[in-house]
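Enquirer:
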Amino acid sequence: MNTDNTTDNDASTESETNCGSNSAETESRSNCGASTQTDGGVTSAASTDNSVSKCGGSSESSESNCGASKKEKTDEKVASTVDDFDADPGRFVAVGLGPGQAEGMTQRARAALMAAEHIVGYTTYIDLLPAEVIESADDLYDTPMCGEVSRTEEAIDRALAGNDVAIIGSGDPNVYALSGLALEILESKGATASMVDFEVVPGVPAAQSCGARLGAPLVNDTVSISLSDHLTPMEDIESRLHAVAGEGFTVAIYNPWSRKRRENFEACCEILLEHRASDTPVGIVHGAGREDEEVEIVELGELEELGETDLIDMTTTILVGNEETYVWDDRMVTPRGYESKYDY
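Residues in the sequence shown are numbered consecutively from 1, following UniProt numbering.
Listed below in structure tokens is the structure:
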């Protein structure tokens with residue numbers, strides 16, 4: 001399963017939703033979860049007008065920039081700075097959910113989410129949360145694909161407003177995910193990581209969870225490469241593929257395919273075949289840990305023709321063996337080197 005990556009998609013529009021709030025009671029955007037005291041109790045600081053939130057932009061849909069090249073810039077700016085918040089900052093934690101099913105989440109991740117007042121994430125990942133986590137949160141906030149900047153700023157603003165906030169992603173927050181973006185946005189706001197007690201709670205990355213489904217393909221040196229050119233130019237991706245394919249690495253391919261960039265996958269297959277034998281074992285795991293999980297082991301020469309099938313999409317991770325990888329009893333095995341040192 002490719003659960004570490006959410007920065008590339010085919011959506012043509014982007015909108016922000018506030019799943020955890022009672023949106024029928026007010027037409028205003030939330031003000032980062034901040035509240036003000038009234039005679040009747042606690043009400044939203046933005047509940048008396050139709051203002052735009054300080055939490056990541058307006059509520060209107062806008063054209064997505066998911067298909068834009070790296071050189072193109074958007075007009076989006078950080079909407080607020082640390083000086084715009086009167087409350088003492090809360091806490092901000094980036095939590096990795098792991099492979100997708102509830103039992104794949106670490107105890108540390110579950111505890112962090114149970115302690116969070118607000119949980120922010122990509123819509124699909126919010127849907128993966130266990131019921132007990134959803135019920136314990138004061139508020140859930142999600143955005144669809146390509147909303148990573150707006151939802152990360154929303155999460156940070158909620159923390160700066162005094163809330164304990166978790167931003168979630170499947171896999172691990174440090175693998176093609178949002179922990180780095182969070183630190184960059186914190187810096188751009190004039191805040192610091194220590195101000196919000198920023199913490200990363202790791203999860204099982206896609207390569208490792210998929211490797212476990214395939215046997216033992218990753219027990220020696222491994223390199224991960226994403227085929228998404230949403231943030232990295234394709235010429236850089238191709239250069240990196242050439243560099244690693246010619247060495248003895250096993251290669252984990254993230255973001256292998258989308259409708260808008262099938263050429264990236266085709267180029268990847270061609271480059272791998274320039275450096276590796278066509279019978280090199282390749283493991284394909286689609287939707288690991290989810291209801292639609294599929295696992296196949298094929299030869300490298302067969303890989304490109306599978307690009308047009310349902311097996312390979314944005315929820316797929318591909319593990320390419322090295323020159324020593326072999327298939328035994330329907331499992332991929334990459335020797336670590338013990339056989340050259342020991343008799344067994």
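Beta carbons are placed, not taken as given, at the ideal position from N, Cα and C, and that holds for glycine.
Quantities reported herein were computed from a predicted structural model and do not represent experimental measurements.
Of all the options Thr232, Arg91, Gln107, Gly180, which has the alpha carbon lying nearest to the alpha carbon of Ala161?
Expert: Nearest option by C-alpha distance: Arg91.
Enquirer: Can you tell me which of Glu323, Asp197, Glu235 puts its alpha carbon nearest to the alpha carbon of Glu299?
Expert: When each option's Cα is compared against that of Glu299, the closest is Glu323.
Enquirer: For Gly180, which of helix, strand or coil comes out of DSSP?
Expert: DSSP places Gly180 in helix when its eight states are reduced to three.
Enquirer: Just mark Tyr342 as buried or exposed, buried being the case when its beta carbon has 16 or more other beta carbons within 10 Å.
Expert: Burial call: exposed.
Enquirer: Comparing alpha-carbon positions, which option in Leu319, Tyr326, Gly96 lies nearest residue 378?
Expert: No answer is possible for residue 378: the residues shown for the chain start at 1 and end at 344.
Enquirer: Spatial neighbours of Ser69 within its chain, please: C-beta separation below 6 Å, excluding the five flanking residues on both sides.
Expert: In this prediction, Ser69 has a pLDDT of 37, which is less than 50 and means its spatial position is unreliable; what the coordinates show is noted afterwards. Once the five neighbours on either side are set aside, Ser69 has no close Cβ partner at all.
Enquirer: Hey, would you say the C-beta of Arg108 is under 7 Å away from at least one heavy atom of the ligand FAD?
Expert: Absence of the ligand FAD from the depicted structure is noted, as is the absence of any ligand whatsoever, leaving it without description.
Enquirer: Between the segment 85 to 102 and the segment 146 to 163, do three or more beta carbon pairs fall short of 8 Å?
Expert: Yes, the segment 85 to 102 touches the segment 146 to 163.
Enquirer: Work out the CA separation of Gly100 and Asp86 for me, nearest whole Å.
Expert: Their backbone Cα atoms lie some 37 Å apart in a straight line.
Enquirer: In angstroms, rounded to a whole number, what distance separates the CA positions of Glu291 and Ala243?
Expert: Whole-angstrom Cα-Cα distance: 36 Å.
Enquirer: Would you say Gly248 faces chain C, with C-beta separation under 8 Å as the test?
Expert: Absent from the structure: chain C. Only one protein chain is present.
Enquirer: To which residues of the same chain is Glu247 closer than 7 Å at the C-beta, ignoring the five residues directly before and after it?
Expert: For Glu247, where only same-chain residues beyond five positions count, there are no Cβ hits under 7 Å.
Enquirer: When we look at the beta-carbon of Gln208 and count the other beta-carbons within 10 Å, is it buried (16 or more) or exposed?
Expert: By the neighbour-count rule (16 or more Cβ atoms within 10 Å), Gln208 is buried.
Enquirer: Taking the beta strand (DSSP E) that Asp139 falls in, what are its first and last residues?
Expert: Where Asp139 is concerned, the enclosing beta strand (DSSP E) stretches over 139 to 143.
Enquirer: Can you give me the C-alpha to C-alpha distance between Gln107 and Gly96, rounded to a whole angstrom?
Expert: In a straight line, the C-alpha of Gln107 is about 11 Å away from that of Gly96.
Enquirer: Can you look up His230 in the DSSP assignment and give me helix, strand or coil?
Expert: In this structure, His230 counts as coil in the three-state DSSP scheme.
Enquirer: On the three-state DSSP scale, how would you describe Leu241?
Expert: Helix, per DSSP.
Enquirer: Under DSSP, the alpha helix (DSSP H) around Leu273 begins and ends at which residues?
Expert: Element bounds for Leu273: 262 to 275.
Enquirer: Can you give me the start and stop residues for the alpha helix (DSSP H) that Ala116 sits inside?
Expert: Segment: none, Ala116 is in no alpha helix (DSSP H) and carries neither H nor E.
Enquirer: In the DSSP assignment, find the beta strand (DSSP E) that holds Val133 and state where it starts and stops.
Expert: From DSSP, Val133 is part of no beta strand (DSSP E) but of the alpha helix (DSSP H) over 131 to 136.
Enquirer: Short check: CB of Pro217 to CB of Met114, under 8 Å?
Expert: No, they are not a contact pair.
Enquirer: Quick one: using the 10 Å Cβ neighbour count with 16 as the cut-off for buried, is Glu148 buried or exposed?
Expert: So Glu148 ends up on the buried side.
Enquirer: Measure the alpha-carbon distance for Tyr254 versus Asp310 and round it to whole angstroms.
Expert: Taking the straight line from one Cα to the other gives about 16 Å.
Enquirer: Note down the Cα distance separating Val165 from Gly98, rounded to an integer number of angstroms.
Expert: Taking the straight line from one Cα to the other gives about 19 Å.
Enquirer: According to DSSP, simplified to helix, strand and coil, what is Lys341?
Expert: Lys341: coil per DSSP, three-state reduction.
Enquirer: Go ahead and pull the three-state DSSP assignment for Ser51.
Expert: Reliability of the predicted coordinates at Ser51 is poor, the pLDDT of 31 falling under 50, and no value is obtained from them.
Enquirer: Using only the alpha-carbon positions, how far apart do Gly171 and Thr250 sit?
Expert: One C-alpha to the other measures close to 19 Å.
Enquirer: Looking at the unbroken alpha helix (DSSP H) that takes in Ile312, where does it start and where does it end?
Expert: Careful: Ile312 lies outside any alpha helix (DSSP H) and carries neither H nor E.
Enquirer: Which of helix, strand or coil does DSSP assign to Ala288?
Expert: Coil.
Enquirer: Go ahead and pull the three-state DSSP assignment for Asp83.
Expert: DSSP places Asp83 in helix when its eight states are reduced to three.
Enquirer: Which whole-angstrom value describes the C-beta separation of Gly289 and Gly104, a residue pair presumed to lie in contact below a C-beta threshold of 8 Å?
Expert: Confirmed, about 5 Å.
Enquirer: Could you check what DSSP says for Arg110 in three-state terms: helix, strand or coil?
Expert: Here Arg110 sits in helix by DSSP.
Enquirer: Confirm, please, whether the CB-CB distance from Leu183 to Ile167 is below 8 Å.
Expert: No, these two residues do not count as a Cβ contact at 8 Å.
Enquirer: Please check the pair Ala109 and Val201, which I expect to be a contact at CB under 8 Å, by giving their CB distance rounded to whole angstroms.
Expert: Sure, about 5 Å apart at Cβ, within 8 Å.
Enquirer: Taking the C-alpha atoms as reference points, what is the distance between Ala191 and Gly215?
Expert: Computed Cα separation, rounded: 45 Å.
Enquirer: Please report how far the alpha carbon of Ile185 lies from the alpha carbon of Gly121, in whole angstroms.
Expert: Cα to Cα, the separation comes out at about 16 Å.
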